[in-house]
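Before any comments, here is the structure.
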Amino acid sequence: MLYWLAQTLDFAGAFNLIRYLSFRAGAAIATALIIGLVIGPKFIGWLRVRQGKGQPIRSDGPQSHLAKRGTPTMGGLMILTSMVISVLLWMDLSSTYVWACLFVTLGFGAIGFLDDYDKVTKASHKGLSAKMRLAFEFLIAGFAAWMIVNQHGNTALYVPFYNGPAIELGPFYFLFAAFVIVAFGNAVNLTDGLDGLATMPVIIACMAFMAIVYLVGRADFATYLGIPHVPGAGNLTILCGAIIGAGLAFLWFNAPPAAVFMGDTGSLALGGTIGVIAVTAHHEIVLGVVGGLFVVEALSVIIQVFFYKRTGKRVFKMAPIHHHFEQLGWAEPTVVIRFWIISFVLALAGLATLKLR
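For the sequence shown, position 125 (counting from the first letter as 1) is numbered 125 according to UniProt numbering, and the numbering increases by one without interruption.
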């Protein structure tokens, strides 16, 4: 909105400053951060009153988690509110990529909200059925993939560390892109099990993709680095900035001991948004490196379920894998901070792939 006003009216020459992506990305971070910090206390109080007992805690989980009973969930609404307002203020809303990303953000957020609402009202940690969730997620992700491909017409898969021709997927790219978005949304959702565990890695991943989408959007940098050039993708630096600001504001209240949980409302939406950003930038495989922590969390659940159904034995003491380390005796803050460090290292590794081609 502010970008459009400055461009249309050019009051006091403001557009000369606002047209720069770097300025708007910084402004988006500050805007989302301020909004989140301002609305946080009243929002959390409102959730506490409305939810009563808060998010149900698994009885078969670590016993230390039982002390968290009564903590409200759906804190993702706070993240999405500050993030979306910041995006609408600072992004170029004529971009198809913006609306594809927001479609996933709000669509996945709505699915997560219904799941959280079902858990709270029924006082159960189960929520919506997995089949129903996945069906709606793939519909949303598939439509977003169509919007993106319809804009740039590229259905190729680019492989890091390889300077040869990209792999042309053709119509199969739509299924692949939808899978990336859905898989990453659920991977972040599975990671959100400890205070602050998912929030900081999401922020770190967005910092990495802020650099990636800026470089991809510049023809000169993309040519020099040997990465795909996607005209207009640079605008997503503002979206990444808004997520960073909103995430930092949420972390203020989510730091141990958490005053509010993100819930599926936030984790599913944020994961899906990062997934669709990666699809837009044609860095889907790099997403697996940058977001490697989320990938490992999801794989730990898949491996656990696979082996338990076939052998009756568990590979991990408990899945997702962060609970495994808790069962080994690691304190919750120890698990969280060490996972943050791993996430930071993986983000650096993902950025290193930009030049190793």
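Ideal Cβ placement from N, Cα and C applies to all residues, glycine included.
Buried versus exposed call for residue i [16 or more other C-beta atoms within 10 Å across all chains shown]
i      : result
Glu137 : buried
Tyr224 : exposed
Asn235 : buried
Ala298 : buried
Ile45  : Checking the sequence shown, residue 45 turns out to be Gly, not Ile. Exposed, since its Cβ has fewer than 16 Cβ neighbours within 10 Å.
Thr311 : exposed
Leu139 : exposed
Bounding residues of the alpha helix (DSSP H) (the contiguous stretch that carries residue i)
i      : result
Asn235 : No alpha helix (DSSP H) contains Asn235, which DSSP labels as neither H nor E.
Trp330 : Neither: Trp330 is in no alpha helix (DSSP H) and is coded neither H nor E.
Phe108 : Thr96 to Lys122
Trp82  : Going by the sequence as given, residue 82 is Ser instead of Trp. Where Ser82 is concerned, the enclosing alpha helix (DSSP H) stretches over Gly76 to Trp90.
Cut-off 6 Å between Cβ atoms - residues of its own chain near residue i, not counting five sequence neighbours on either side
i           : result
Phe221      : Leu215
Pro333      : Pro256
Ala12       : Note that Ala12 has pLDDT 49, beneath the 50 cutoff, so the model's placement of it is unreliable and the number below is only indicative. No residues qualify anywhere along the chain.
residue 404 : No answer is possible for residue 404: the residues shown for the chain start at 1 and end at 357.
Phe344      : Ile204
Pro228      : Tyr158 and His282
Own chain residues within Cβ distance below 7 Å of residue i, not counting five before or after
i      : result
Gly185 : Phe108, Glu137, Leu268, Gly271, Gly272 and Gly275
Val301 : Leu190, Ala319 and Pro320
Val289 : Leu346, Ala349, Gly350 and Thr353
Met91  : Tyr3, Val98, Asn235, Ile238 and Leu239
Between the CA atoms of residue j and residue i - distance to the nearest angstrom
i      : j      : result
Lys309 : Val315 : 12 Å
Ile321 : Ala205 : 20 Å
Gly196 : Ile337 : 9 Å
Glu326 : Thr73  : 22 Å
Leu346 : Ile212 : 14 Å
Ala25  : Ala130 : 36 Å
Val305 : His283 : 29 Å
Thr199 : Ala278 : 18 Å
Lys119 : Arg19  : 44 Å
Ala249 : Pro231 : 31 Å
Leu37  : Gln51  : 21 Å
Beta-carbon proximity list for residue i, same chain, < 8 Å, skipping 5 on both sides
i      : result
Phe307 : Lys313, Arg314 and Val315
Val87  : Ala28, Val98, Leu102, Ile238, Leu239 and Ala242
Met207 : Cys240, Ile244 and Ala347
Asn254 : Gly75, Asp195, Gly196, Thr199, Val260, Phe261 and Met262
Beta-carbon spacing of residue i, residue j below 8 Å
i      : j      : result
Pro201 : Phe339 : yes
Ile29  : Ala100 : no
Val182 : Ala141 : yes
Val159 : Ile244 : no
Gly70  : Val260 : no
Ser82  : Ile39  : yes
Phe294 : Ala187 : yes
Gly247 : Gly112 : no
Ile79  : Ile35  : no
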